[in-house]
Amino acid sequence: MIYTITLNPAIDRLIKVRGSLTKKKTNRVNNTEFDLGGKGLHVSHVLTKFRIENQALGFIGENNLEQMKKILEIKEINHQLFVEKGASTRECIVIVDDSHNGSMMVTEDGFHVSDENHQLLIDFIQQQVTSKDMAIIAGSLPPDYTLQKLKEIMRMLKKKGCFIGCDLSGEALTAAVEMEVDFIKPNQFEAEELFANQESHFVDNIRKLAKKIAYVVVSLGKDGSYVVHGEEMYRVLPPQIKERNDTGAGDVFVGAFLAQLAKGADLQTVIRYATGCSASKVTKSDCTSFDIHEAEGFFNEITIFQMGENQHVIS
Ligand code: TA6
Numbered sequence: 001m002i003y004t005i006t007l008n009p010a011i012d013r014l015i016k017v018r019g020s021l022t023k024k025k026t027n028r029v030n031n032t033e034f035d036l037g038g039k040g041l042h043v044s045h046v047l048t049k050f051r052i053e054n055q056a057l058g059f060i061g062e063n064n065l066e067q068m069k070k071i072l073e074i075k076e077i078n079h080q081l082f083v084e085k086g087a088s089t090r091e092c093i094v095i096v097d098d099s100h101n102g103s104m105m106v107t108e109d110g111f112h113v114s115d116e117n118h119q120l121l122i123d124f125i126q127q128q129v130t131s132k133d134m135a136i137i138a139g140s141l142p143p144d145y146t147l148q149k150l151k152e153i154m155r156m157l158k159k160k161g162c163f164i165g166c167d168l169s170g171e172a173l174t175a176a177v178e179m180e181v182d183f184i185k186p187n188q189f190e191a192e193e194l195f196a197n198q199e200s201h202f203v204d205n206i207r208k209l210a211k212k213i214a215y216v217v218v219s220l221g222k223d224g225s226y227v228v229h230g231e232e233m234y235r236v237l238p239p240q241i242k243e244r245n246d247t248g249a250g251d252v253f254v255g256a257f258l259a260q261l262a263k264g265a266d267l268q269t270v271i272r273y274a275t276g277c278s279a280s281k282v283t284k285s286d287c288t289s290f291d292i293h294e295a296e297g298f299f300n301e302i303t304i305f306q307m308g309e310n311q312h313v314i315s
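All residue numbers for the sequence shown refer to UniProt numbering, where the first residue is 1 and numbers rise by one.
See the structure below:
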């Protein structure tokens, strides 16, 4: 079982505007849709598409419970989300326009999670998670949710001996690194922040991280990624595609990566699926859709370059 943990879930309000989104201009809306939001929930959606048994854990607001439940049902998300009374699940506004030049995301903070609900999550992990499972904690922390609480979750998962992945940023990412989790996926800026006090070269710093963390991915958006596992380090170049909405591409990458790891695929296959699925996601206009067959069709267009002494292009 793979457990995804979304501490700060969201409903994505996808707004499509006509022409190019421009400041100081009246931007006219073509269409508005609601989609699943929150990084761990997105990962669950990907795992479900790969038919990997998974359960989404986290919290959900009482006030717009029905709307969120409907979205979870449409996306076939198996979940155990603890309901926060009197709270509303936040909205993340995602704006796309006709320029095919990236989406814009404006997100609310989210709701305060009570100590009782935090404890319910801890108890659930204690009772259900086993060493054979995988867990991925993804997305921002809710307001006032302390680093201590996040560390408590990580400690409980560590105690269980399961594989732990984290798609976190800032202090939460630092905590994940200190805890020596098994997988992280910072983007370039998050990684630079992490290496702020280190003098060595960016690539050497990534290599160093991989001495403590089994799988380190640094995503570079359109420019692909670095992937390091033990002594193996790869620079991955994605296929060239026509971009429609890049929101959620990182979550699809993480979901496909974990799905392939869970299936026992070799690292290069893992990288191909993660990169291909994420590219497929970017060609779609909503925040979650991607196509596994389309991703497989991209495999020949993905370049995987092995770095180090024995540098060579693998495909
Ligand atoms: O990665 C995209 C996304 O999952 C959006 O769908 C949106 O809900 C957002 O991230 C939430 O990110 P955050 O870091 O605030 O948890």
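For each residue, glycine too, the CB sits at the ideal point set by N, CA and C.
Keep in mind that this is a model prediction, so the values were computed, not measured.
(request) Compare the beta carbon distance of N64 and T89 with 7 Å and say whether it is the shorter of the two. (result) yes
(message) Between which two residues does the beta strand (DSSP E) holding V217 run?
(response) Y215 to S219
(message) Out of K24, I74, E152 and I52, which one is the CA nearest neighbour of A262?
(response) I52
(request) Just grab the DSSP bridge partners of M233 for me. (result) V228
(request) Could you round the C-beta distance between G276 and A249 to whole angstroms and report it? I think they count as a contact, below 8 Å. (result) Actually they do not touch by this definition, with Cβ atoms about 12 Å apart.
(request) Could you tell me whether any non-hydrogen atom of ligand 1 is closer than 6 Å to the CB of D287? (result) The identity of residue 287 in the sequence shown is Cys, whereas the question assumes Asp. Checking every heavy atom of ligand 1 against the Cβ of C287, one is found closer than 6 Å.
(request) Report yes if the C-beta distance between I137 and C166 is below 7 Å; otherwise report no. (result) yes
(message) Just to check my reading of the structure: S140 and N245 have Cβ atoms closer than 8 Å, yes? What is that Cβ distance to the nearest angstrom?
(response) Rounded, the Cβ-Cβ distance is 20 Å, inconsistent with contact.
(request) Tell me whether H42 counts as near ligand 1, meaning its Cβ is closer than 6 Å to at least one heavy atom of that ligand. (result) yes
(message) Tell me the residue span of the beta strand (DSSP E) that contains V83.
(response) H79 to E84
(message) Going by C-alpha to C-alpha distance, which of A214, E76, E232 and L237 sits closest to G221?
(response) L237
(message) Less than 6 Å between C-beta atoms, sequence neighbours within five positions excluded: which residues of the same chain meet that for V217?
(response) K185, S225 and V227
(request) Tell me whether E84 is buried or exposed, calling it buried when 16 or more other Cβ atoms sit within 10 Å of its Cβ. (result) With 16 or more other Cβ atoms within 10 Å, it is buried.
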